[in-house]
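Each remark here refers to the structure printed beneath this line.
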Amino acid sequence: MAVSDEQYDPQALQVKWQARWETLDPYRAGEDAGDERPRRYLLDMFPYPSGDLHMGHGEVFAIADVIARYWFQRGYNVLHPIGWDSFGLPAENAAIKRNAHPAEWTYANIETQATSFRRYGISFDWSRRLHTSDPEYYRWNQWLFNRFFERGLAYRKGGLVNWCPQDQTVLANEQVVNGHCERCGAEVVRRELTQWYFKITDYADRLLEDMDQLGGWPERILTMQRNWIGRSEGADVRFQIEGRDEPVTVYTTRPDTLYGATFFVVAADAPLAEELCAPDRLAELEAYRAQVAKLSDIERLATDKEKTGVFLGRYAVNPVNGERLPVWAADYVLSGYGHGAIMAVPAHDQRDLDFALKFSLPVRIVVETGLPDPAESGVATPGEGALVNSGPLDGLSKTEAITRIVEILRERGTGDAAVNYRLRDWLLSRQRFWGTPIPIIHCPDCGEVPVPDDQLPVALPDLRGEALAPKGVSPLASATEWVNVDCPKCGGPARRDTDTMDTFVDSSWYYLRYCSPGYEDGPFDVEQVRRWGPIDQYVGGSEHAVLHLMYSRFFTKVLHDMGMVDFTEPFVRLLNQGEVINQGRGMSKSLGNGVDLGEQIDTYGVDAVRLTMLFAGPPEDDIDWADVSPGASQKFLARAFRVMAEAGAASAPGVDATTGDLELRKVTHRTIDEVTRLIESYRFNVAIARMMELTTAARRAIDTGPGAADPAVREAAEALAVLLSLVTPYVAEEGWERLGHGSTITHAGWPVADPALLVQESVTCVVQVAGKVRDRLEVAPTISGAELEELALASEKVRAYLDGAPRKVIVRAPKLVNIVP
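For the sequence shown, the UniProt record's numbering gives the first residue as 1, with consecutive numbering after it.
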């Protein structure tokens, strides 16, 4: 398809420049050890191949591409790789429906997306492409699992887990959203299973402390991670249970309120509840536990949920005053928090108070706050105050009382200071097929035996169709030839582990593999990671705040401890994009408000769609497609194209711009200066507005000023081409060629603003009287507020609207004076 000399044809430009980029390969990262260019590593959260690219992809990859292309223009050696997070349930479910293998659906979608990425003009280094479902990749998942196992960071245990009844697999706590599976939306239930875990809790303090390194992250993401880790300081208190030899330990952040404990609560689903229950109440407990099993942790902790529970017929003894506290089982206490039991202090904890009022249990104030009695108001008083009704603690402040009560507990041998975390170990085993097989062999004599490194990868067997249907256990269990093996230690009969790994394992270290994707002696070449890492800029969705991002940070710290990386945080800067919505709501087929990215590109062209995405607002804001206009973007690009084409036709490269129109040169250099600062602060929408203003100024100079041959017009057109290359690569490449330059604009070099042309000799100051503009004054940019006020009040136009001295004058030098008469 030929590119017209006179008309902007986006589809023709796309065909021409896609072919040219394939030949030139302009985005490949420099691998020469002698390359002295400063390095930059830009990473996009890699896509899942569940179909073609959608509008959300269109936004996030356009945002990241601006940064990559800016770095190219600034002369950096840029690593901007691409890969696919290609294991997971959607592929497996699709295979069941199609009676096929998940790989067929997966790799077909990958090729579809790869074609769309090339069309979308993203500056990827395609030589580093990877897929996590390739045996060459997941071999190293298994190798890393074995290293974690050796260090005691991978272990297997039984316990209550989150179970998705639709996907027939367990979920980590982070994958349960408002009581539902974050992938399919099914209501999650609790189930007793033996599963594999990574011991992320060993790194809880470091995950918190190292946030000091993350000044380039959004504060809200750091807050979410801090809250998820949930570190608290308090005390472990040991309560004797009547009729039981072994005491029960309770963790509390407020040991100073021990004298206010009036009952004792055990998590209904904890084994402890059954252990403490009197025989004649076991049936009631079991019926209650069946109800609790239907609730998620989030539902159980909801403050507005009606409290439920059963009395277990036993009493705990308060270690500080000897009082007998009735022991209850309830759903608002979680088995995973602390030790699965709490001392209830209803006067100073709202959930305890709600429970006490529901079951007519005593409420005793032990912190004097001056607020109404909680037993009467129904509102607990957890605030600061002096201790009362607390024996030796009376009159002490909260801090003093905590110190003293810990001393008392320690002296009596009934407790001590303790630290607790909300964070739980990462449950990583899944009962599905399309994932990395866990490289463990279970031997009746040797126990859990890792598959030797020289036998990795443990490849998936060839299962397809109905053989993959979820059965409550992994489909791999039915592959008997694959499951039954000899023990690597003793040679006796043994069985492979039939669970696969959570796909978040794949994405916890993929950014390291990109540094040396073909490396065969380890998961990555350590020297190459030292050369490129850590990642300078990461771009992706905030929905992974406590999933992928937390796991990636954990993996990096473990690898640092293994001596494989020399940094402890993987991502220096993090940029989260908003969501692309339509008509005020998220796009969905059921709402009938979906917008197809491919159709938008077919209609308006890649550049117009990218420009619309980036011009709609700051990257972190949502974009409502109903409120934007790709058609208007296309019209602007046609104007910019004509400016570059006409300037190229009228003059050749290399003319002396200093002989050109001074006013246009000032606009050009101010635009360069402002766009530079705006790009570096992620204000892409404002940067585009400045590019539009430069286009208008150049167009005016061509039509009513010195004309297209003026050197200042060429300077403006060349600057415009480079600036636009960050956002709209096709029209920028074509414009650069029309301006007489060879090769590609990618490495043209960022234009430098002349400081002498940034100096403003005068500024227009708007003078308002009672909120209405009454005059405009040309003043020096350095004018003082007092001088500007004097000039404004001396204006004849202004004085005509004043009757005597004004009541108030607001001055914002040098651009505004607002007079209140």
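Think of the CB as a built atom: it goes at the ideal place given N, C-alpha and C, for glycine as much as any other residue. Computed from a predicted structure; not experimentally measured.
Task: Paired residues, beta bridge with Y315 - DSSP - done: Per DSSP, P326.
Task: Beta-carbon proximity list for E466, same chain, < 8 Å, skipping 5 on both sides - done: I96 and N99
Task: Touch test, the region 444-451 against the region 254-272, Cβ-Cβ under 8 Å, three pairs minimum - done: Using a Cβ-Cβ distance cut-off of 8 Å, the region 444-451 and the region 254-272 are not in contact, since fewer than three pairs of beta carbons, one from each stretch, lie closer than that value.
TODO: Report the option in V779, D256 and G413 whose CA atom is closest to the CA atom of Q240.
DONE: G413
Task: Among A689, R690, E715 and I688, the one whose alpha carbon lies nearest that of A701 - done: When each option's Cα is compared against that of A701, the closest is E715.
Task: Residue span of the beta strand (DSSP E) that contains N420, given as start and end - done: G415 to N420
Task: Residue nearest to D499 in terms of C-alpha spacing, selected from A29, Y41, L171 and E31 - done: Taking only the C-alpha atoms, the option nearest D499 is L171.
- [ ] Determine the burial state of M587: buried for a count of at least 16 other Cβ atoms within 10 Å of its Cβ, exposed for fewer.
- [x] Buried.
- [ ] May I have the straight-line CA-CA distance separating A186 from D167, to the nearest angstrom?
- [x] 8 Å
- [ ] Please name the residue in L662, V366 and N389 whose C-alpha comes closest to that of T381.
- [x] V366
- [ ] Count the other CB atoms, across all protein chains shown, that sit within 10 Å of the CB of E718; report buried if there are 16 or more and exposed otherwise.
- [x] buried
Open item on the list: If I measure Cβ to Cβ from V419 and keep anything under 6 Å in the same chain, skipping five residues before and after, which residues do I get?
Closed with: Counting only residues of its own chain and dropping the five nearest sequence neighbours on each side, V419 has a CB closer than 6 Å to the CB of E233.
Open item on the list: What does the Cβ neighbour count give for A356, buried or exposed, with the cut at 16 atoms within 10 Å?
Closed with: So A356 counts as buried.
TODO: Give a yes or no on whether the C-beta atoms belonging to T603 and S633 are separated by under 8 Å.
DONE: no
TODO: Go ahead and pull the three-state DSSP assignment for V580.
DONE: strand
Task: Through-space distance from D525 to V3, alpha-carbon basis - done: Because V3 sits at a pLDDT of 47, beneath the cut-off of 50, its placement in the model cannot be relied upon, and the following sentence gives the value as read from the coordinates. Rounded to whole angstroms, V3 to D525 spans 45 Å at the Cα level.
Task: 8 Å contact criterion, which Q142 and L575 should meet: CB distance rounded - done: No, Q142 and L575 are not in contact; Cβ-Cβ is about 33 Å, not under 8 Å.
Task: Contact under 8 Å by Cβ, V266 with L276 - done: yes
TODO: Indicate whether R639 and R690 have their beta-carbon atoms separated by less than 8 Å.
DONE: The answer is no: Cβ separation not under 8 Å.
Open item on the list: Measuring CB atoms only, is the region 369-380 touching the region 279-289, in the sense that at least three cross pairs come out at less than 8 Å?
Closed with: Three or more beta-carbon pairs separated by less than 8 Å are not found between the region 369-380 and the region 279-289, which leaves the two stretches without contact.
Task: Alpha carbon of Q225 to alpha carbon of R573, nearest angstrom - done: 16 Å
Open item on the list: On a Cα-Cα basis, can you pick out the residue from R642, P755 and I679 that is closest to G735?
Closed with: Measuring from the Cα of G735, the nearest candidate turns out to be R642.
Open item on the list: I need the DSSP call for D566, collapsed to helix, strand or coil.
Closed with: Here D566 sits in coil by DSSP.
Open item on the list: Taking DSSP's pairing of strands, which residues face G83 in a bridge?
Closed with: L130
TODO: In the DSSP assignment, find the unbroken beta strand (DSSP E) run with V170 in it and report its ends.
DONE: Per DSSP, the continuous beta strand (DSSP E) segment holding V170 begins and ends at T169 to L171.
Open item on the list: Which complete alpha helix (DSSP H) runs does the region 648-719 hold, if anything under 4 residues is left out?
Closed with: 662-680 and 684-704
- [ ] Flag this pair as yes or no: are the beta carbons of V327 and Y315 separated by less than 8 Å?
- [x] yes
- [ ] For L758, I'd like the list of residues in its chain whose CB is within less than 7 Å of its CB, leaving aside the five on either flank, ordered along the chain.
- [x] If we look at L758 and ignore the five residues flanking it on each side, its Cβ neighbours are H669, R670 and D673.
- [ ] Take A91 as the anchor and find which of P81, L79, G83 and W105 has the nearest alpha-carbon.
- [x] W105
TODO: Specify the secondary structure class of P10 as computed by DSSP and reduced to three states.
DONE: helix
Task: Under the three-state DSSP convention, the category D432 falls into - done: This sequence places Arg at residue 432; Asp is not what is there. R432 falls in the coil class under three-state DSSP.
Task: Q166, DSSP secondary structure in three states - done: The answer is coil: DSSP assigns Q166 none of H, G, I, E or B.
TODO: Alpha carbon to alpha carbon, how far is R324 from S133? Give it in angstroms, no decimals.
DONE: 58 Å
Task: Member of V161, R404, A103 and T201 whose CA lies at the smallest distance from the CA of M550 - done: T201
Open item on the list: For T252, report the span of its beta strand (DSSP E) as first-last.
Closed with: V248 to T252
Open item on the list: Excluding the 5 residues flanking F198 on each side, which residues of the same chain have their C-beta closer than 7 Å to its C-beta?
Closed with: F148, L153, A154, D425, W426 and L428
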